[in-house]
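See below for the structure under consideration.
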Amino acid sequence: MEIPDFRPRRERKAWLLFAGMGLYAITFIILYPPVFAIVDEDAYLTQTMLFRSGHLSYDNSPVPAPHMTVNMAGKQVSKYPPGNSVFLLPFTFVGWQGVFLSGLLLALAGTWLFRLILAKLKPDADPVWSLLYLTYPAVVLFSRTVMSDLLAATMVLLAFYFLLLRNRYSFGAGLALGFACFVRYSNAVLVPILFLLVILYSRQKFRASLLFLIGLLPFAALIAGYNTYAFGGPFCFPMYLTGRFSWAYFPRDLWFYTKNLLLLYPLMLFSPLVVGKTRGLLLGLPAYAVFIAYSFFSYIHVVPSLAQRLTVGMRYLLPAVPFFILAWVIALDSFSRRTRPLSSLKYVIVGAMFVLSVCIQYRHQCYLKVQNHYRALLYKSVPKSALIVCNKDISELINYAWGWRDYREFAVFNAPVPLRRTIETRDTVYAGLLQKPGQTSFVELTVFESLLFLYPERQPVLTTQEPYILRIFLLKPIPLPDQTVGDSVGTAPPKRIPSRRKSRRR
Numbered sequence: 001m002e003i004p005d006f007r008p009r010r011e012r013k014a015w016l017l018f019a020g021m022g023l024y025a026i027t028f029i030i031l032y033p034p035v036f037a038i039v040d041e042d043a044y045l046t047q048t049m050l051f052r053s054g055h056l057s058y059d060n061s062p063v064p065a066p067h068m069t070v071n072m073a074g075k076q077v078s079k080y081p082p083g084n085s086v087f088l089l090p091f092t093f094v095g096w097q098g099v100f101l102s103g104l105l106l107a108l109a110g111t112w113l114f115r116l117i118l119a120k121l122k123p124d125a126d127p128v129w130s131l132l133y134l135t136y137p138a139v140v141l142f143s144r145t146v147m148s149d150l151l152a153a154t155m156v157l158l159a160f161y162f163l164l165l166r167n168r169y170s171f172g173a174g175l176a177l178g179f180a181c182f183v184r185y186s187n188a189v190l191v192p193i194l195f196l197l198v199i200l201y202s203r204q205k206f207r208a209s210l211l212f213l214i215g216l217l218p219f220a221a222l223i224a225g226y227n228t229y230a231f232g233g234p235f236c237f238p239m240y241l242t243g244r245f246s247w248a249y250f251p252r253d254l255w256f257y258t259k260n261l262l263l264l265y266p267l268m269l270f271s272p273l274v275v276g277k278t279r280g281l282l283l284g285l286p287a288y289a290v291f292i293a294y295s296f297f298s299y300i301h302v303v304p305s306l307a308q309r310l311t312v313g314m315r316y317l318l319p320a321v322p323f324f325i326l327a328w329v330i331a332l333d334s335f336s337r338r339t340r341p342l343s344s345l346k347y348v349i350v351g352a353m354f355v356l357s358v359c360i361q362y363r364h365q366c367y368l369k370v371q372n373h374y375r376a377l378l379y380k381s382v383p384k385s386a387l388i389v390c391n392k393d394i395s396e397l398i399n400y401a402w403g404w405r406d407y408r409e410f411a412v413f414n415a416p417v418p419l420r421r422t423i424e425t426r427d428t429v430y431a432g433l434l435q436k437p438g439q440t441s442f443v444e445l446t447v448f449e450s451l452l453f454l455y456p457e458r459q460p461v462l463t464t465q466e467p468y469i470l471r472i473f474l475l476k477p478i479p480l481p482d483q484t485v486g487d488s489v490g491t492a493p494p495k496r497i498p499s500r501r502k503s504r505r506r
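Numbering-wise, UniProt numbering puts 142 at position 142 of the sequence shown, and it's gapless, one number per residue.
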């Protein structure tokens with residue numbers, strides 16, 4: 001079996017694709033992320049700073065260890081694979097906020113790869129269809145973060161494009177897929193899938209398959225070497241901190257992802273089944289492999305909001321999403337060509353999705369501005385030399401890149417963490433709790449109130465009520481009576497003012 005040797009026609013409407021990509025870039029720059037808001041992003045960026053300092057572990061490094069670290073082989077290291085942090089490294093040389101340019105670059109590069117693949121599989125397809133990948137909600141959201149999901153999806157797309165070029169380009173397919181695994185180890189599920197496709201659709205099967213495996217080797221060696229150094233063995237990985245795969249989660253996850261893939265682009269889940277045998281195998285095997293693999297995973301983003309389920313909830317399936325969209329576009333393009341009144345349907349769909357993408361960016365920008373506001377309040381309230389014991393939502397406001405604040409979480413994975421000895425060994429200690437509507441756990445609230453009870457002479461530093469409830473207290477040392485610690489609402493604590501002694505009357 002071979003891939004038909006299509007020759008793309010002259011693209012008369014390619015300018016619409018470039019215009020759409022340009023408009024997306026403009027909206028991205030206008031709504032440029034001011035900060036990030038997830039502990040995973042904190043872990044990735046801090047790991048990048050660690051690599052910049054010339055270290056692989058946080059031991060004896062100038063970079064303090066963030067929350068997402070483990071010690072499995074006698075070294076304090078990030079629990080995440082190193083690929084994403086390596087990719088972010090050059091963007092940090094223009095300042096830490098430069099890392100967000102990586103998301104824009106990945107979104108645009110993925111869209112162009114989508115177009116190249118579409119031109120190989122269906123040469124007469126309108127290039128404008130490619131904007132349905134760029135404006136897919138999960139792609140839009142994660143292009144505004146430094147998470148590894150979009151990078152993994154883009155590298156898988158690159159590997160697939162090299163696969164379509166066949167023969168000597170199989171080396172590039174293996175190399176790109178190897179880096180995708182270096183970014184997210186779970187992409188290893190695609191190694192046998194793409195290897196099978198190389199064998200099926202290459203003219204020189206032995207040579208192509210050998211080149212594919214040789215391309216995999218460099219990053220396979222890097223993964224084995226890093227795992228041995230960081231986790232104690234080539235196949236060791238702290239999966240217990242990330243999640244686990246089990247049959248017990250299959251019915252729940254299958255239903256969750258099935259709904260998501262059927263709703264936004266109607267019936268997209270089944271699109272690889274209706275695009276012909278060759279295209280169906282090429283697109284269906286990688287798409288369904290990732291879909292089925294993550295239907296056994298312990299973690300899914302279960303929230304009442306449909307919008308969040310279609311964006312954040314699709315992060316693990318991002319490497320599969322391009323294949324589903326490609327099949328859906330091919331099927332819809334063929335259908336619209338047979339039905340003349342629907343020939344302009346694509347412009348309506350693409351236009352609506354572009355408007356939706358702007359709305360997603362704006363909504364996310366509003367959320368990040370609130371996060372940035374509370375980050376500023378926290379940094380003004382807690383001095384550099386102090387320790388703050390806090391919940392997860394406060395720890396998300398702290399990062400080495402914008403100035404370190406030493407912190408300890410008093411609850412991890414909904415379980416209390418004993419911190420009494422840590423507090424006793426420090427001179428200046430604050431306690432903080434950030435409560436977001438409907439998100440604060442009972443355990444966090446209980447532990448925080450118990451902590452305050454242990455220090456009856458605590459002093460309030462900061463309290464806010466809207467949009468989040470932020471409470472910060474000074475536990476120790478207790479200030480002198482003539483010193484003001486702060487008891488403000490929505491503002492930083494006032495500076496200490498010397499007491500005024502009343503003059504004695506003569």
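From the three backbone atoms N, C-alpha and C, an ideal C-beta is built for every residue, glycine too.
Is the distance from the Cβ of V191 to the Cβ of L177 below 8 angstroms?
-> Your numbering for residue 191 matches position 191 in the sequence shown. Your numbering for residue 177 matches position 177 in the sequence shown. Contact flag set, yes.
Comparing alpha-carbon positions, which option in V321, N399, A221 lies nearest F36?
-> One-based indexing of the sequence shown puts residue 36 at position 36. Comparing Cα-Cα distances from F36 to each of V321, N399, A221, the minimum goes to N399.
So T463 is in the beta strand (DSSP E); what residue range does that whole segment cover?
-> Taking the first residue of the sequence shown as position 1, residue 463 is located at position 463. Taken as a continuous stretch (DSSP letters only), the beta strand (DSSP E) holding T463 covers 459–464.
Using DSSP with H/G/I as helix, E/B as strand and the rest coil, what is F91?
-> As a first step, residue 91 is located in the sequence shown; it is residue number 91 there, counting from the start. Helix at F91.
Report yes if the CB atom of Y58 is closer than 8 angstroms to the CB atom of T69, and no otherwise.
-> Counting from one through the sequence shown, the residue named residue 58 turns up at place 58. Counting from one through the sequence shown, the residue named residue 69 turns up at place 69. Contact: yes.
Using a Cβ-Cβ cut-off of 7 angstroms (strictly less than) and excluding sequence neighbours within five positions of Y249, which residues of its own chain qualify?
-> Sequence index remark: in the sequence shown, residue 249 carries index 249 (1-based). Taken in chain order, the residues that qualify are F296, F297, S298.
Report yes or no: do the region 376–391 and the region 427–439 share at least 3 C-beta pairs separated by less than 8 angstroms?
-> yes
Using 10 angstroms around the beta-carbon of P266, count the other beta-carbons present and answer buried if the total reaches 16, otherwise exposed.
-> Translated into positions along the sequence shown, residue 266 becomes position 266. P266 comes out exposed.
Three-way DSSP call (helix, strand, coil) for G403 in this model | For the purposes of this step, residue 403 is identified with residue 403 of the sequence shown, where counting begins at 1. DSSP places G403 in coil when its eight states are reduced to three.
Contact set for F195: own chain, Cβ-Cβ below 8 angstroms, skip 5 residues either direction = As a first step, residue 195 must be located in the sequence shown, where it is residue number 195. For F195, where only same-chain residues beyond five positions count, the Cβ hits under 8 angstroms are S209, F212, L213.
What does F473 pair with, by DSSP beta-bridge criteria?
-> The residue given as residue 473 occupies position 473 in the sequence shown. According to DSSP, F473 bridges with A431, P460.
Unbroken beta strand (DSSP E) run spanning C181, endpoints = As a working mapping, residue 181 is identified with position 181 in the sequence shown. Looking at the DSSP string, C181 is not in any beta strand (DSSP E); the run it does join, the alpha helix (DSSP H), is 170–183.
So which of A221, P218, G313 has the shortest CA-CA distance to residue 564?
-> Not covered by the structure: residue 564. The range shown for the chain is 1 to 506.
Please report how far the alpha carbon of W15 lies from the alpha carbon of D126, in whole angstroms.
-> Along the sequence shown, read from residue 1 onward, the residue named residue 15 stands at position 15. Along the sequence shown, read from residue 1 onward, the residue named residue 126 stands at position 126. Going from the Cα of W15 to the Cα of D126 covers about 11 angstroms.
So I300 and L141 are in contact, right, with Cβ under 8 angstroms, and what is the actual spacing, rounded?
-> Within the sequence shown, residue 300 is the residue found at index 300, counting from 1. Within the sequence shown, residue 141 is the residue found at index 141, counting from 1. In fact, because the Cβ distance is near 16 angstroms, the residues do not count as touching under 8 angstroms.
Note down the Cα distance separating D393 from M21, rounded to an integer number of angstroms.
-> Residue 393 sits at position 393 when you count from the first residue of the sequence shown. Residue 21 sits at position 21 when you count from the first residue of the sequence shown. It is roughly 34 angstroms from the alpha-carbon of D393 to the alpha-carbon of M21.
Rounded straight-line distance, which links the Cα of V128 to that of Y347 | To locate residue 347, count along the sequence shown from 1; it is residue 347. To locate residue 128, count along the sequence shown from 1; it is residue 128. Cα-Cα distance, rounded: 8 angstroms.
With burial defined as no fewer than 16 other Cβ atoms inside 10 Å of the residue's Cβ, what is the status of Y229: buried or exposed?
-> For the purposes of this step, residue 229 is identified with residue 229 of the sequence shown, where counting begins at 1. With fewer than 16 Cβ atoms within 10 Å of its Cβ, Y229 is classed as exposed.
Per DSSP, the bridge partner or partners of F245 | Working through the sequence shown from its first residue, we reach residue 245 at position 245. Beta-bridge pairing links F245 to F297.
8 angstroms Cβ cutoff met for L157 and Y362 | On the sequence shown, position 157 is the one that residue 157 refers to. On the sequence shown, position 362 is the one that residue 362 refers to. No.
Output the boundary residues of the alpha helix (DSSP H) element that contains V329.
-> Looking up residue 329 in the sequence shown gives position 329. V329 -> alpha helix (DSSP H) spans 321–338.
Excluding the five sequence neighbours on either side, which residues of its own chain have a C-beta within less than 7 angstroms of the C-beta of H364, listed in chain order?
-> Against the sequence shown, residue 364 aligns to sequence position 364. Answer for H364: L141, R144, listed in chain order.
Does the separation of the CB atoms of A173 and V189 fall below 8 angstroms?
-> Numbered from its first residue, the sequence shown carries residue 173 at position 173. Numbered from its first residue, the sequence shown carries residue 189 at position 189. No.
If you run the structure through DSSP and keep just helix, strand and coil, what is S78?
-> On the sequence shown, position 78 is the one that residue 78 refers to. Strand at S78.
Quick one: what does DSSP say P66 is sitting in, helix, strand or coil?
-> Residue numbering aside, residue 66 sits at position 66 when the sequence shown is read from its first letter. Coil.
For the alpha helix (DSSP H) holding L210, just list the boundary residues, first then last.
-> Position 210 of the sequence shown, counted from the first residue, corresponds to residue 210. Run containing L210: 205–231, per the alpha helix (DSSP H) assignment.
What's the C-alpha gap between G95 and A401?
-> Mapped onto the sequence shown, residue 95 falls at position 95. Mapped onto the sequence shown, residue 401 falls at position 401. For G95 and A401, the distance between alpha carbons rounds to 9 angstroms.
State yes or no: is the C-beta of K120 within less than 8 angstroms of the C-beta of L164?
-> Position 120 of the sequence shown, counting from 1, holds the residue named residue 120. Position 164 of the sequence shown, counting from 1, holds the residue named residue 164. Taking the C-beta atoms as reference points, L164 is found nearer than 8 angstroms to K120.
Helix, strand or coil for L387 per DSSP?
-> Position 387 of the sequence shown, counted from the first residue, corresponds to residue 387. DSSP, reduced to helix, strand and coil, places L387 within a strand of the structure shown.
Over what stretch of residues does the alpha helix (DSSP H) that includes S357 continue unbroken?
-> Within the sequence shown, residue 357 is the residue found at index 357, counting from 1. Taken as a continuous stretch (DSSP letters only), the alpha helix (DSSP H) holding S357 covers 345–381.
With 16 other CB atoms within 10 Å as the buried threshold, where does S85 fall?
-> The sequence position of residue 85 within the sequence shown is 85, counting from 1. By the 10 Å Cβ count, S85 comes out buried.
Helix, strand or coil: which one does DSSP assign to E449?
-> To locate residue 449, count along the sequence shown from 1; it is residue 449. In the structure shown, E449 sits in a helix (DSSP, three-state: H, G or I).
Taking all protein chains shown into account, decide if M239 is buried (16 or more other Cβ within 10 angstroms of its Cβ) or exposed.
-> Counting from one through the sequence shown, the residue named residue 239 turns up at place 239. By the neighbour-count rule (16 or more Cβ atoms within 10 Å), M239 is not buried but exposed.
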